[in-house]
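Some notes on the structure that comes next.
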Amino acid sequence: MISKSFLKSSIIYTVGGALPMVGSLILLPFYTNFFSPAQYVSLNFYILVSLLFQILFSYSIESYFGVKYTQLTADPVEQKKFVGTVSNLLLMIGAGLLLLSIILGPFLFPFIFNEKDQVSFWPFGLASIITAFFNSYFKASTNALIYFKKPNIFLLFNVINLLATIGISIWGLYAFPCSLVGPIAGRFFSGVIIFFLGIYIFKTNSIWVFDKKFLTELQKFCTPYISFVLFYWILGFIDRFFLKNIVSSEELAAYDLLLKCLFGIEFVQNGLAAIVFPKVFAIWTANKTNETTQESNRYFNVSTALNVLILISFCIVIPIMIRLFVNKDDYFQSFAFIGLVSAGYITRGIINYYLSTILFTKKTILLIKIFGYSSVIQILTTMVLAYYFGIIGAIYAGLITKLVQVFFSYYLTKGIFTYNINYIKIYGIPFLFLVTNAFCYFLFPSYNIMVYLTQLVVFGALFYFIFKNEIYALQEQFFSKKA
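In structure tokens:
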């Protein structure tokens, strides 16, 4: 049963995990108002490079960390040695990749970006790569705090990161107007601060060693898993690289602004997954069988309902906030697509259901297959549909790919786990939401807030009837003296 303490820590972890997204959203109006659309697009490509390298620096160790740390619960000394080994390994990977970047970066950047893109390796490209190292180390350390059960420190350090990024960036925008120095410096110097916070987290919760006995299993898990994360980067961002040579800077900037705002959904979804996965891992470990249960399903069912309500809320709030804080009409043209784009995010709940079982059984090779196949489909469909239909073509390609991901997740994991699925809650609700928004797009081609207010009421009522018993049980436990 979901406890009161679980709800409290869940809120803290979700809020803390979403703070980087909050910082990005706060800074977006400054970027759009200070920069031309062309400069905004250039900054976006620096951020995409940083996100790509953050994946490489992390080696997906933060995803493996929880699985191994939970398995070592009976031996606290081994847990601390494992934590120290993880920290030192991240530092070693960082040093090696930074050296490689300095050597190869000046040759690769001109090959990927043309003169129109205004993206170069020196100095902003290198600064973005170093920032990625700082962020990856900090993310791994704060993810570890979830398993250390230290939600207050998790929240505090993420608040520090938020304030440093916003403060330095805004100062730089005013000190160096019409230049990318401000946002690049803000991300870089806040990265320096959080890097040392990450050192503190690992040092105070570990035995500072480099124990090679952990490396074999870690390498077997992380090598295929990082391929999955790289494919995930392709799925999320490759469309910008195709569209930059097809649509105008104004169109691409407006589209990217919308996706940046909706990307906050991913932070929330990742936060929910970071909370749910440890709970279901513990349930399955205690049961000693690779089988989903009613108790473990409950966490995913609640996540599905939350995802829908969050997505609808974003569709209501984002256009209002953009109009309120952005003073250039060019950025409003993408509002019409918001329902379709947000609908694609609903499949994440289904995919996480299968992803959790893949992580638990350590069958990470399946992630390469699922997201590798999907990435190929994403690239091919985006090339064709974006070329002929522009931005809406890229959106169609994304929706097709997400449905393909669901199919591969279902088909390829049948042999590793026994699934006791409530198909209405896991599949029915997400697909109802997707179909509803596809229908609304064709019925109301222009943005209409009443469409999403109606959705909020309808889905809210639907969830009440579907989850009524669970809601009552949760209320009774939450307000009971024993909770």
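According to the working numbering, the sequence shown holds residues 186 to 668 in order. For each residue, glycine too, the CB sits at the ideal point set by N, CA and C.
- In the structure shown, T549 adopts coil according to DSSP, grouped into three states.
- In the three-state scheme derived from DSSP, where H, G and I count as helix and E and B as strand, T255 is classed as helix.
- Here the C-alpha atom of G645 lies approximately 31 Å from the C-alpha atom of P214.
- Bounds of any alpha helix (DSSP H) do not take in P630, whose DSSP letter is neither H nor E.
- Residue N218 holds the alpha-carbon nearest to the alpha-carbon of R508 among R425, N346, N218.
- In this structure, T270 is the residue among T270, I369, I495, W418 with its C-alpha nearest to the C-alpha of N390.
- A Cβ-Cβ separation of about 15 Å leaves L330 out of contact with I246 under the 8 Å criterion.
- Within a 10 Å sphere around the beta-carbon of K653 sit fewer than 16 other beta-carbons, which makes this residue exposed.
- Assignment of T477 by DSSP, reduced to helix, strand and coil, places it in the coil class.
- By a beta-carbon distance limit of 8 Å, V252 contacts F466. Their separation comes to about 7 Å.
- N337 counts as exposed, since fewer than 16 other C-beta atoms from the protein chains shown sit within 10 angstroms of its C-beta.
- Residue nearest to V453 within the set F426, Y539, S481, S498 is S498 (criterion: CA-CA distance).
- Between the alpha carbons of R372 and L204 lies a gap of roughly 14 Å.
- Per DSSP, the beta bridge partners of T603 are E476.
- Taking each of F556, T603, T549 in turn and checking the Cα distance to K405, the smallest one comes out for T549.
- No residue range can be given for G575, since it is assigned to no alpha helix (DSSP H) and is classified by DSSP as neither H nor E.
- Closest in C-alpha terms to S286, from the list E402, L237, N607, comes L237.
- Contact annotation: Q303 and A223 have beta-carbon atoms nearer than 8 Å.
- Counting every other CB atom within 10 Å of its CB across the protein chains shown gives P630 a total below 16, marking it as exposed.
- Rounded to the nearest whole angstrom, the CA to CA distance from L275 to L212 is 29 Å.
- When the alpha-carbon of L348 is set against those of L228, M206, V487, the nearest one is in M206.
- Within its own chain, the residues whose Cβ lies closer than 6 Å to the Cβ of F298, once the five positions on either side in sequence are excluded, are V304, listed in chain order.
- For D424, the enclosing alpha helix (DSSP H) stretches over residues 400-428.
- In this structure, the CA atom of A528 is about 17 Å from the CA atom of M635.
- The C-alpha of I379 is placed about 9 Å away from the C-alpha of N343.
- Counting C-beta pairs closer than 8 Å gives three or more between the segment 550-566 and the segment 415-430, which meets the contact rule.
- Under the criterion of beta carbons closer than 8 Å, P504 and F522 do not qualify as touching, at roughly 11 Å.
- If you ignore the 5 residues before and after N455, its C-beta comes within less than 7 Å of the C-beta of G202, all in its own chain and listed in chain order.
- The shortest CA-to-CA distance from A259 to any of Y249, T470, N482, G290 is the one to T470.
- Separation of the CB atoms of G367 and F361 is rounded to 6 Å, and the pair is thereby assigned contact status at 8 Å.
- For Q239, the uninterrupted alpha helix (DSSP H) segment begins and ends at 222-243.
- The alpha-carbon separation between K554 and L358 amounts to approximately 43 Å.
- By the criterion of at least three beta-carbon pairs nearer than 8 Å, the segment 395-403 is not in contact with the segment 526-544.
- For S375, the uninterrupted alpha helix (DSSP H) run begins and ends at 366-389, by DSSP.
- Fully enclosed alpha helix (DSSP H) runs of no fewer than 4 residues occupy 311-333 of the segment 303-346, in order along the chain.
- With a cutoff of 8 Å on beta-carbon distance, V226 and K429 are scored as near each other.
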